[in-house]
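Mapping of the sequence shown onto numbering that gives the first Met the number 0: residues 0 to 158, in sequence order.
To keep things clear, I will list the structure first and then write my remarks on it.
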Amino acid sequence: MFDVRQISEGESVSVEGEVVIAVPVVFGLKEHATLSYQGHLTNMGESFSLEGRADTVLFAHCNRCLKTCATPVTFTFSEGFAEKGSVPSDGWDMEYENHTIHILPALERNLFNNIPMKFVCAEQCGGICPRCGRDQNLEKCGCEPELEGEFVKLFERFK
0 MFDVRQISEG ESVSVEGEVV IAVPVVFGLK EHATLSYQGH LTNMGESFSL
50 EGRADTVLFA HCNRCLKTCA TPVTFTFSEG FAEKGSVPSD GWDMEYENHT
100 IHILPALERN LFNNIPMKFV CAEQCGGICP RCGRDQNLEK CGCEPELEGE
150 FVKLFERFK
């Protein structure tokens, strides 16, 4: 939360800190995300601009082996804030009122836009065999590779 009355037009102030963001279950994540951020809040005259960088570690199930894995996520963000009741210039600006900007919604929006589509514990993760269910990271199974090859060929046609 920032009181913008102290920022003169054309000036900017440094903003940094940590926030805890509750991640909706629909993303398949296991915990809240503790997000560290740093950036600048700039008075643009009729609005304010927030630009910076943030990073966190997300915990989810590996898409290959289903074990819990930690995935670092780093992203840059750029958000505009318009006073409540004014007409936003591009329709994407967030609103503020009583000279106070709450940046948590902006950080949430940017984190949700940067959540990876898939989580993988390691690039070399062997995953779980689709035929016998054995974790290929612990022990290779005896399933016939030809059958798996036919499965792959079938899906190659649909790419």
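By construction, the Cβ of each residue, glycine as well, lies at the ideal position given by its N, Cα and C atoms.
All values derive from a computational prediction rather than experimental measurement.
Query raised in the report: Looking at Val-12 and Leu-40, is the spacing between their C-beta atoms short of 8 Å?
Result: yes
Query raised in the report: On the three-pair Cβ rule with 8 Å, is the stretch 41-53 touching the stretch 2-10?
Result: yes
Query raised in the report: For the candidate residues Leu-34, Gly-27 and Ala-59, whose alpha-carbon lies nearest to that of Val-119?
Result: Ala-59
Requested in this report: In angstroms with no decimal places, state the Cα-to-Cα distance between Phe-1 and Tyr-95.
Outcome: 10 Å
Query raised in the report: Among residues of its own chain, excluding the 5 on either side of Ala-21, which ones have a beta-carbon nearer than 7 Å to its beta-carbon?
Result: His-31
Query raised in the report: Taking C-beta to C-beta, are Gly-51 and Val-3 nearer than 8 Å?
Result: no
Report task. Could you please give me the residues that DSSP links to Asn-42 through a beta bridge? Result -> Phe-47
Query - Exposure of Asn-109, with buried meaning 16 or more beta-carbon neighbours within 10 Å - result: buried
**Report entry** Three-state class that DSSP yields for Ala-105 in the structure shown
**Finding:** helix
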